[in-house]
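Peer 1:
Numbering (the UniProt record's numbering), first residue to last: 1 to 349.
This is the structure:
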């Protein structure tokens, strides 16, 4: 299942990216992924368990080889997994890729439907299991794609290596809003097109420097192969500025804030990410250190309801500093009192 094919673009990839350096932008946001004909793979994140599509087919595996055999049997497709797991992540929870049989593969429709179902369940239950990470179009074969993704899962933050769970679409969406289009494309490098389901329900597409979906002549294709080989020699680790490192460390608080905003607004506009980051920074600035307290402060601030704007709000913040984890309950009482006061005013009017 794909959207209608986009018309070929005459502008080279580099010039298209240069237009969006100041603000991170997806190449497109469409109801369905718009696929262009490059070899296609699904990126799966089993960090919290296999996607529902596998229905427990791999639960009896005893080691990684056995698990991979079970996955191949369940998907009925070739499967590649990271062979050098992170010290912080077990091998069976590392991401893997499934080779698809092009845009018309029946699995594409099932994956798109499965991603929507997972997102709905995560929103309704607040349990964040999103196993279907992305659809990836790339000139790389499955093994080299998996090797590239494996390298991309490590990022240096304040001098220490950290595991970057980029197969989770929420994490990757945060990265898109953290980086410029140029920075993102250089990091993706030989990966052609990375399609992911966004929080707002659309499918976003990000370009790597190897995006050549519209090449046709033998000379152009040969040139792409040479460029892909060159890109594979460049480092795959993401390099961040000090400010970007700080924002990445705030990623969990920002993600939880966005989840609340999604429930409150029934949508997540592009500017919500910047608003959530700014609000989380404000929560830290007023002295809140507990994660739940920061989220309670941040989602209200992002909606234009700053907690420290009233005396009772400031008192609630001070109380939460003494008793971490209590801010939401205190603010809920304030919200209820405020709503009751508004209703009384309406009745008198």
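All C-beta atoms in this analysis are idealised placements derived from N, C-alpha and C, irrespective of residue type, glycine included.
1. Taking only the alpha-carbon atoms, compute the straight-line gap between residue 161 and residue 311 and give it to the nearest angstrom.
2. If you follow the alpha helix (DSSP H) that residue 195 is part of, which residue opens it and which one closes it?
3. Quick check on residue 185: does DSSP put it in helix, strand or coil?
4. Return the CA-CA distance between residue 149 and residue 141, expressed in angstroms with no decimal places.
5. Which class does residue 50 belong to by DSSP, given the choice of helix, strand or coil?
6. In or out: residue 242 buried (at least 16 other Cβ within 10 Å) or exposed?
7. Entirely within the UniProt domain "DUF4123" (75-185) and at least 4 residues each: give me those alpha helix (DSSP H) ranges in chain order.
8. Going by the beta-carbon positions, is the gap between residue 43 and residue 203 smaller than 8 Å?
9. Check whether the Cβ atoms of residue 159 and residue 49 sit closer than 8 Å, and answer yes or no.
10. Please report how far the alpha carbon of residue 305 lies from the alpha carbon of residue 272, in whole angstroms.
11. Who are the Cβ neighbours of residue 287 in its own chain at under 7 Å, not counting the five residues just before and after it?
12. Pick helix, strand or coil for residue 210, following the three-state DSSP scheme.
13. DSSP state of residue 311, grouped into three classes?
14. Comparing alpha-carbon positions, which option in 107, 331 and 30 lies nearest residue 51?
15. Residues bridged to residue 41 by DSSP?
16. On the DSSP letters alone, give me the boundaries of the beta strand (DSSP E) that residue 30 sits inside.
17. Kindly indicate which three-state DSSP category residue 201 falls into: helix, strand or coil?
18. Can you tell me whether residue 67 is helix, strand or coil according to DSSP?
19. Give me the Cα-Cα distance between residue 238 and residue 283, rounded to the nearest whole angstrom.
20. Rounding to the nearest angstrom, what Cα-Cα distance links residue 100 and residue 260 in this structure?
21. Helix or strand or just coil, what does DSSP make of residue 327?
22. For residue 219, which residues of its own chain have a beta-carbon under 8 Å away from its beta-carbon, when the five flanking residues on both sides are left out?
23. Taking C-beta to C-beta, are residue 152 and residue 80 nearer than 8 Å?
24. So what's residue 35 in DSSP terms, helix, strand or just coil?
25. Should residue 254 be labelled buried (16 or more other beta-carbon atoms within 10 Å of its own) or exposed?
26. Can you give me the C-alpha to C-alpha distance between residue 124 and residue 200, rounded to a whole angstrom?
27. List the endpoints of the continuous alpha helix (DSSP H) containing residue 251.
28. I'd like the list of long-range same chain contacts for residue 296, defined as Cβ closer than 7 Å, with 5 residues on each side in sequence excluded.
29. Could you tell me the boundaries of the alpha helix (DSSP H) in which residue 278 lies?
30. What does DSSP give as the partner residues of residue 238 in its beta bridges?
31. From residue 278 to residue 244, what distance separates their C-alpha atoms?
Peer 2: Result, derived from the coordinates:
1. 42 Å
2. Run containing residue 195: none in the alpha helix (DSSP H); it sits in the beta strand (DSSP E), 193-197.
3. Residue 185: helix per DSSP, three-state reduction.
4. 12 Å
5. coil
6. exposed
7. You should have 106-125, 142-152 and 169-178.
8. no
9. no
10. Cα atoms of residue 305 and residue 272: separation of roughly 14 Å, rounded to the nearest angstrom.
11. 321
12. coil
13. Residue state for residue 311 is assigned as helix, using DSSP reduced to three classes.
14. 107
15. Residue 41 pairs with 99 and 136.
16. Boundaries of the beta strand (DSSP E) around residue 30: 28-30.
17. coil
18. Per DSSP, reduced to three states, the secondary structure at residue 67 is helical.
19. 27 Å
20. In this structure, the straight-line span from the alpha carbon of residue 100 to that of residue 260 is close to 35 Å.
21. helix
22. Caution applies to residue 219, whose pLDDT of 49 falls short of 50 and renders its modelled position unreliable; the value that the coordinates give is listed next. Taken in chain order, the list of residues that qualify is empty.
23. no
24. coil
25. buried
26. 14 Å
27. 251-265
28. Here the set comprises 327, 328 and 331.
29. 271-285
30. 155
31. 13 Å
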